[in-house]
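The structure appears right after this line, and notes come after that.
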Amino acid sequence: MKRNYSFIPVFMLLGIFSCNDDNTTKTEAVTLGDPVETQQPNTNYKPAFEGQTRIGSVKTATNLKIDVIATGIGRPWAIVAMPNNNLLVTDKSGSMKIFSEMGTMMTEVSGFPAVDDGGQGGMLDVALDPDFTSNRMIYWSFSESFGNGNLTSIAKGKLSADEKSIENPTVIYRAEPSYNGSLHYGSRLAFDDAGNLYATIGERSDLVTRAQAQQLDKALGKIVRITKNGQAVSGNPFMSTANAKPEIYSYGHRNPQGLAFHPVTKQLWESEFGAKGGDEINFIEPGKNYGWPIITYGLEYSGNKIGEGITQKEGMEQPIYYWDPSVSPSGMDFYTGNAIPEWQHNLFVGALSGQHIIRLVIKNNKVTGEERLLADKNERFRDVLASHQNQSLYAVTDNGKIYRISKN
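Take 1 as the starting number for the sequence shown in UniProt numbering and just add one per residue.
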């Protein structure tokens, strides 16, 4: 018998921090409504702790203005803000485009290495060098034909002064081994304040590669931490482990497509696709094992159990939050503005199969409220940008649109 985990009381009062840090003493009482998820879960698995799934709902009080500022832009996968407030958007076909903050296309950037854009592959994420204003360097992830298959690769290059081409593109990292498939590349990028680059690497989906998420001599199913030149960062957790890849930062991941640092605590957060249920939000710590494919809150797409059908095991981390049924969480970002005060430091995640933008209120590293935005648009939201200087939230969709959400 399936169980509905709607155990959060409808009018539960919760203290949610409204100042600069989720550890400040100033709190605001918030009334939670029913969980946003109303469908039955796929499994009868029980959460490890209260609030791990189907938390009560919150609602944005500020009146919002929602605009589609660009359409027909191709197959976007990622969106980032540039120092001049323009928007840099990747296209799975192998290029990038630059738009104004109001959606006017400025230039198309070419000169990138060839991508293998079959299935889930192509030109994927992009990140600006922390010193972009002085060196104009950008970093991007893409699926690259390599050996007898393909893999997740990371490259860097200099954006030309006219912003129409990439100069001296160089592949700095390849997540080996390669595999002849077209799924689960991971590929989200994020820089920390020290200038180290983090990248999510998928386990390539198939049963023959899935187990590599637990193997430290393989890069699949990992988050890696590398320098700007693609080398392992000194101090990585497995540098002294025999036969382990020194770039590995965490392991036991399935297909992580979201990665972001909390703007105040500087802690690393990740979103990860489950299979049939079991999508996750994780708080990432160095050297930790996040369990895939040994523990999961999901099922095979066939409906069968994954492995032994267990959700907890000693030495493996629990997700901070999970969804069942799946929403397919993709790119994510923390809101850093104050134009919409109730959003400050909330986490926003694009949902593909869920067809909405997820808003998660976080307190003390736990999700304390959830909202679904733009659920009436019937869009697969691939990536979100919540840290723009103009304090708007941007999102790109699989059918080639850019949305802008701002205070009305």
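Beta carbons are placed, not taken as given, at the ideal position from N, Cα and C, and that holds for glycine.
How long is the line joining the alpha carbons of residue i and residue j, rounded to whole angstroms?
i: Val89; j: Ile79; result: 5 Å
i: Pro325; j: Lys158; result: 42 Å
i: Asn304; j: Pro293; result: 14 Å
i: Ala114; j: Met239; result: 32 Å
i: Thr209; j: Leu268; result: 26 Å
i: Met1; j: Thr53; result: Summary for Met1: the model assigns pLDDT 33, below 50, so the residue's position carries little reliability; its value from the coordinates is reported in the next sentence. One C-alpha to the other measures close to 18 Å.
i: Ser328; j: Arg136; result: 33 Å
i: Ile131; j: Phe191; result: The amino acid at residue 131 is misidentified as Ile; the sequence shows Asp. Near 11 Å, if we compare the C-alpha coordinates of Phe191 and Asp131.
i: Lys363; j: Thr265; result: 11 Å
i: Glu37; j: Ile320; result: 17 Å
i: Val58; j: Glu342; result: 10 Å
i: Gly337; j: Asp162; result: 30 Å
i: Thr152; j: Thr31; result: 43 Å
i: Met106; j: Gly278; result: 40 Å
i: Asp34; j: Met316; result: 30 Å
i: Met332; j: Leu216; result: 27 Å
i: Asp117; j: Asn408; result: 39 Å
i: Arg359; j: Ile248; result: 29 Å
i: Ile223; j: Ser406; result: 32 Å
i: Leu347; j: Glu285; result: 18 Å
i: Pro237; j: Gly149; result: 29 Å
i: Pro76; j: Phe273; result: 19 Å
i: Asn196; j: Asp129; result: 10 Å
i: Ala275; j: Gly122; result: 22 Å
i: Ile66; j: Val367; result: 25 Å
i: Asn365; j: Phe283; result: 8 Å
i: Thr71; j: Asp383; result: 15 Å
DSSP three-state call for residue i: helix, strand or coil?
i: Gln212; result: helix
i: Trp140; result: strand
i: Trp292; result: coil
i: Lys158; result: strand
i: Pro341; result: helix
i: Leu151; result: strand
i: Leu128; result: strand
i: Leu393; result: strand
i: Leu189; result: strand
i: Leu207; result: helix
i: Gly123; result: Just to set this straight, residue 123 is Met in the shown sequence, not Gly. Of the three classes helix, strand and coil, the one that applies to Met123 here is strand, per DSSP.
i: Val327; result: coil
i: Lys363; result: strand
i: Tyr90; result: Note that residue 90 is Thr in the sequence shown, not Tyr. Looking at Thr90 - three-state DSSP - the assignment turns out to be strand.
i: Thr200; result: strand
i: Tyr45; result: coil
i: Arg382; result: strand
i: Thr368; result: strand
i: Val224; result: strand
i: Tyr322; result: strand
i: Ile402; result: strand
i: Leu374; result: coil
With 16 other CB atoms within 10 Å as the buried threshold, where does residue i fall?
i: Gln212; result: buried
i: Gln389; result: exposed
i: Asn229; result: exposed
i: Gln355; result: buried
i: Leu207; result: exposed
i: Gln231; result: exposed
i: Ser205; result: buried
i: Phe49; result: exposed
i: Tyr173; result: buried
i: Asp22; result: Low confidence applies to Asp22: its pLDDT is 48, below 50, so where it sits in the model is not reliable enough to give any reading.
i: Pro83; result: exposed
i: Ser110; result: exposed
i: Lys313; result: exposed
i: Ser134; result: exposed
i: Ser250; result: buried
i: Lys46; result: exposed
i: residue 414; result: For residue 414 there is no data in the structure shown, the boundaries of the chain being 1 and 408.
i: Glu270; result: buried
Just to confirm the assignment, what range does the alpha helix (DSSP H) spanning residue i have?
i: Ser134; result: Phe132 to Asn135
Counting along the chain, where does the beta strand (DSSP E) carrying residue i start and finish?
i: Val58; result: It is not in any beta strand (DSSP E) - Val58 carries neither H nor E in the DSSP assignment.
i: His184; result: Unbroken run through His184: none, as it is neither H nor E.
i: Gln257; result: Asn255 to Phe261
i: Gly53; result: Before going further, note that residue 53 is Thr rather than Gly in the sequence given. Looking at the DSSP string, Thr53 is not in any beta strand (DSSP E), and its letter there is neither H nor E.
i: Val171; result: Ile166 to Arg174
i: Val80; result: Pro76 to Ala81
i: Asp279; result: Asp279 to Ile284
i: Tyr249; result: Ile248 to Tyr251
Opposite residue i in the DSSP bridges: which residues?
i: Met105; result: Phe99
i: Lys407; result: Leu64
i: His356; result: Ala351
i: Glu317; result: Per DSSP, none; premise fails for Glu317.
i: Ser271; result: Gly258 and Ile281
i: Met332; result: Val349
i: Tyr297; result: In DSSP, Tyr297 forms no bridge with anything.
i: Phe146; result: Gly149
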